[in-house]
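Trainee: Just dropping this structure here.
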Amino acid sequence: MFDDEFGSLNVTVRVYENELLTQSIYDRMLAADSFEEAVGILRETSYRDEVEEVLKTHNYDDMITENLVRLYDRLFQISPSPEIVELATLRYSYHNIKVMLKEMIADKDLEDLYFPIGRYDLTELRQAVSLGQSEVLPEEYLQTIRSAKLDYSEFGNIQQVEVLVDRHYFEHLKQIAVTIGDPEIIELVDMQIDFKNISTLIRAKYQDRTPNFLRSVLSDAGSLDVETLIQMGSKDARTLIQSLLETQYKSILSESMITAGIGISSIKFDYYTDNAMMRKMQEAKLKAFGPLPMIAYIYAKETEARNLRLVLSAKENHIDVEETKERMRMNYVS
9 MFDDEFGSLN VTVRVYENEL LTQSIYDRML AADSFEEAVG ILRETSYRDE VEEVLKTHNY
69 DDMITENLVR LYDRLFQISP SPEIVELATL RYSYHNIKVM LKEMIADKDL EDLYFPIGRY
129 DLTELRQAVS LGQSEVLPEE YLQTIRSAKL DYSEFGNIQQ VEVLVDRHYF EHLKQIAVTI
189 GDPEIIELVD MQIDFKNIST LIRAKYQDRT PNFLRSVLSD AGSLDVETLI QMGSKDARTL
249 IQSLLETQYK SILSESMITA GIGISSIKFD YYTDNAMMRK MQEAKLKAFG PLPMIAYIYA
309 KETEARNLRL VLSAKENHID VEETKERMRM NYVS
């Protein structure tokens with residue numbers, strides 16, 4: 009469906025990939041004697057123009073965010089299908105919706121928490137949160153906002169509102185994937201939702217959460233049946249693990265085992281699922297046609313932002329190099 013439309017764009021993506029941070033750059037930054045020396049290494053990268061400002065202010069978060077803003081602005085302009093880019097930016101839009109709902113409820117200015125990333129402008133989102141309607145936003149956004157406001161008016165629980173918005177996010181994400189219609193994109197979205205559900209289930213088990221709680225937080229938009237997951241969660245920890253090991257994610261779960269195979273670390277699971285997604289992206293980037301190379305590149309940039317923030321924070325706060333390496337996600341390029 010997208011082969012002809014994305015053929016030339018994928019050539020551009022290959023050029024963009026040449027600017028991604030290599031593992032050798034990370035290694036040199038980690039080996040640097042100081043934060044300033046680590047930042048200085050970025051003069052050799054696409055972050056070169058921001059180096060002097062970061063050396064003055066230590067505000068590397070702004071540098072990283074602004075780099076992503078420019079990326080997404082550029083991709084929305086050149087992509088033949090904005091829905092492909094929206095898959096990646098939707099989480100920022102839903103984050104902003106949650107912040108705006110908090111602003112409305114608490115009557116506070118939380119603008120510093122916004123991310124200026126998304127298919128639709130912050131002004132449109134703010135108007136929709138305020139009025140419950142918009143001439144620009146698709147109905148999926150408006151349904152989320154109306155449901156959240158109604159829930160708060162009935163129960164007055166902001167945490168419950170956040171859970172509701174998160175659930176709507178995954179439903180919206182799956183709806184976009186289905187609309188795009190590419191089976192491999194649907195599979196990637198299913199994996200993302202399944203990973204989140206399993207991670208939530210593991211945490212909920214150790215917190216002794218009820219089936220009703222699980223029903224409120226798990227998304228039914230993935231490939232794993234929610235009621236089956238809830239039944240798994242009602243069993244003892246060993247039985248839960250045995251049941252999860254019978255799913256298509258057995259290898260990732262096996263890597264996440266702790267305590268002689270009778271427990272699963274949710275932190276390890278999140279780590280290995282991120283790396284599993286990266287391996288899928290490394291496969292996707294090899295395709296000559298279709299939208300998957302651009303999706304893979306976007307995932308690579310998001311992972312770069314996460315790893316770069318981790319490395320700079322470690323250098324600023326004198327965190328052990330080996331500890332930092334253990335927390336870094338798999339890199340897209342060598």
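Residue 342, in the working numbering, is where the sequence shown stops; the numbers in between run on with no holes. Every residue, glycine too, gets a C-beta built ideally from N, C-alpha and C.
(1) At which residues does the alpha helix (DSSP H) containing Gly-48 begin and terminate?
(2) Who pairs with Ile-92 in a beta bridge, going by DSSP?
(3) Would you call the segment 290–302 and the segment 10–23 in contact, with 3 or more CB pairs under 8 angstroms?
(4) Starting from Gly-241, trace the alpha helix (DSSP H) in both directions and tell me its first and last residue.
(5) Between the beta-carbon of Glu-162 and the beta-carbon of Val-144, is there less than 7 angstroms?
(6) Among the candidates Ile-105, Leu-109, Gly-140, whose CA atom is the shortest distance from the CA of Ile-125?
(7) Is DSSP giving Gly-230 helix, strand or coil here?
(8) Within this structure, are the beta carbons of Gln-31 and Asn-339 separated by less than 7 angstroms?
(9) Flag this pair as touching only if the segment 106–118 and the segment 67–84 have three or more C-beta atom pairs under 8 angstroms; answer yes or no.
(10) Between Tyr-100 and Met-265, what straight-line distance do the alpha-carbon atoms span, to the nearest angstrom?
(11) If we ignore side chains and look at the alpha-carbon of each, how far apart do Glu-45 and Tyr-122 end up?
(12) In this structure, how does DSSP classify Asn-165 when only helix, strand and coil are distinguished?
(13) Three-state secondary structure (DSSP) at Arg-297?
(14) One question on the structure: do Ala-304 and Met-289 come within less than 7 angstroms of each other, judged by their Cβ atoms?
(15) Around the Cβ of Asn-205, are there at least 16 other Cβ atoms within 10 angstroms (buried) or fewer (exposed)?
(16) Quick check on the DSSP output: the alpha helix (DSSP H) that includes Lys-213 runs from which residue to which?
(17) How about Leu-318 and Ile-72: are their beta carbons less than 7 angstroms apart?
(18) Are the beta-carbon atoms belonging to Phe-43 and Lys-323 less than 7 angstroms from one another?
(19) At a cut of 8 angstroms, does the segment 243–253 reach the segment 193–203 through at least three beta carbon pairs?
(20) DSSP three-state label for Leu-29, please.
(21) CB-CB under 7 angstroms to Thr-187, same chain, minus the five flanking residues each way: which ones, in chain order?
(22) Shortest alpha-carbon distance to Asp-2 belongs to which of Tyr-307, Gln-151, Ser-89?
(23) Since Arg-154 and Gly-140 are thought to touch, with beta carbons under 8 angstroms apart, how far apart are those beta carbons, to the nearest angstrom?
(24) Give the single residue among Lys-157, Ala-245, Asp-117 whose Cα lies nearest to the Cα of Ser-274.
(25) For Val-225, which residues in the same chain have their Cβ closer than 8 angstroms to its Cβ, ignoring the five residues on either side in sequence?
(26) In terms of residues, what are the limits of the alpha helix (DSSP H) holding Gln-250?
(27) So Ser-142 is in the alpha helix (DSSP H); what residue range does that whole segment cover?
(28) Report yes if the C-beta distance between Leu-222 and Ile-238 is below 7 angstroms; otherwise report no.
Mentor: According to the data block:
(1) In the sequence shown, counting from the first residue as 1, residue 48 sits at position 40. 43–48 is the extent of the alpha helix (DSSP H) around Gly-48.
(2) Along the sequence shown, read from residue 1 onward, the residue named residue 92 stands at position 84. In the DSSP output, where bridge partners are listed per residue, Ile-92 has none listed.
(3) With contact defined as three or more Cβ pairs closer than 8 angstroms, the segment 290–302 and the segment 10–23 are in contact.
(4) For the purposes of this step, residue 241 is taken as residue 233 along the sequence shown, with counting starting at 1. Its alpha helix (DSSP H) spans residues 234–241.
(5) Here residue 162 corresponds to residue number 154 of the sequence shown, with the count starting at 1. Here residue 144 corresponds to residue number 136 of the sequence shown, with the count starting at 1. Contact: no.
(6) Walking along the sequence shown from the start, residue 125 turns up at place 117. When each option's Cα is compared against that of Ile-125, the closest is Ile-105.
(7) Within the sequence shown, numbered from 1, the residue matching residue 230 stands at position 222. Looking at Gly-230 - three-state DSSP - the assignment turns out to be coil, as it is neither helix nor strand.
(8) Walking along the sequence shown from the start, residue 31 turns up at place 23. Walking along the sequence shown from the start, residue 339 turns up at place 331. Yes.
(9) Contact between the segment 106–118 and the segment 67–84 is absent, because fewer than three Cβ pairs lie under 8 angstroms.
(10) Within the sequence shown, numbered from 1, the residue matching residue 100 stands at position 92. Within the sequence shown, numbered from 1, the residue matching residue 265 stands at position 257. Taking the straight line from one Cα to the other gives about 32 angstroms.
(11) On the sequence shown, residue 45 is found 37 positions in, with the first residue counted as 1. On the sequence shown, residue 122 is found 114 positions in, with the first residue counted as 1. Cα to Cα, the separation comes out at about 30 angstroms.
(12) Locating residue 165 in the sequence shown gives position 157, counting from the first residue. Asn-165: coil per DSSP, three-state reduction.
(13) Taking the first residue of the sequence shown as position 1, residue 297 is located at position 289. The sequence shown places Phe at residue 297, rather than the Arg named in the question. Of the three classes helix, strand and coil, the one that applies to Phe-297 here is coil, per DSSP.
(14) The sequence position of residue 304 within the sequence shown is 296, counting from 1. The sequence position of residue 289 within the sequence shown is 281, counting from 1. Cβ distance < 7 angstroms, so Ala-304 and Met-289 count as in contact.
(15) Stepping through the sequence shown from its first residue, residue 205 is reached at position 197. Buried: at least 16 other Cβ atoms inside 10 Å.
(16) Translated into the one-based positions of the sequence shown, residue 213 becomes position 205. Its alpha helix (DSSP H) spans residues 191–214.
(17) Working through the sequence shown from its first residue, we reach residue 318 at position 310. Working through the sequence shown from its first residue, we reach residue 72 at position 64. Remark: C-beta atoms of Leu-318 and Ile-72 do not approach each other more closely than 7 angstroms.
(18) As a position in the sequence shown, residue 43 is number 35, starting the count at 1. As a position in the sequence shown, residue 323 is number 315, starting the count at 1. Their beta carbons are under 7 angstroms apart, which means Phe-43 touches Lys-323 by this criterion.
(19) Using a Cβ-Cβ distance cut-off of 8 angstroms, the segment 243–253 and the segment 193–203 are not in contact, since fewer than three pairs of beta carbons, one from each stretch, lie closer than that value.
(20) Position 21 of the sequence shown, counting from 1, holds the residue named residue 29. Collapsing the DSSP output to three states places Leu-29 in coil.
(21) The residue given as residue 187 occupies position 179 in the sequence shown. Only residues of its own chain outside the window of five on either side were considered, and among them Glu-91 have a CB closer than 7 angstroms to the CB of Thr-187, listed in chain order.
(22) The question about residue 2 has no answer, for the chain in this structure spans 9 to 342.
(23) Numbered from its first residue, the sequence shown carries residue 154 at position 146. Numbered from its first residue, the sequence shown carries residue 140 at position 132. In this structure Arg-154 touches Gly-140 by the C-beta definition: roughly 5 angstroms separates them, less than 8 angstroms.
(24) Numbered from 1 along the sequence shown, position 266 holds the residue referred to as residue 274. Cα-wise, what sits closest to Ser-274 is Ala-245.
(25) Locating residue 225 in the sequence shown gives position 217, where the first residue counts as 1. Closer than 8 angstroms at the Cβ level, and outside the excluded window around Val-225, lie Val-171, Asp-174, Arg-175, Thr-208, Ala-212.
(26) The count along the sequence shown starts at 1 and reaches residue 250 at position 242. Following the DSSP letters along the chain, one finds Gln-250 inside the alpha helix (DSSP H) bounded by residues 245–252.
(27) Mapped onto the sequence shown, residue 142 falls at position 134. No alpha helix (DSSP H) holds Ser-142; DSSP gives it neither H nor E.
(28) Position 214 of the sequence shown holds residue 222. Position 230 of the sequence shown holds residue 238. Yes, the Cβ-Cβ distance between Leu-222 and Ile-238 is below 7 angstroms.
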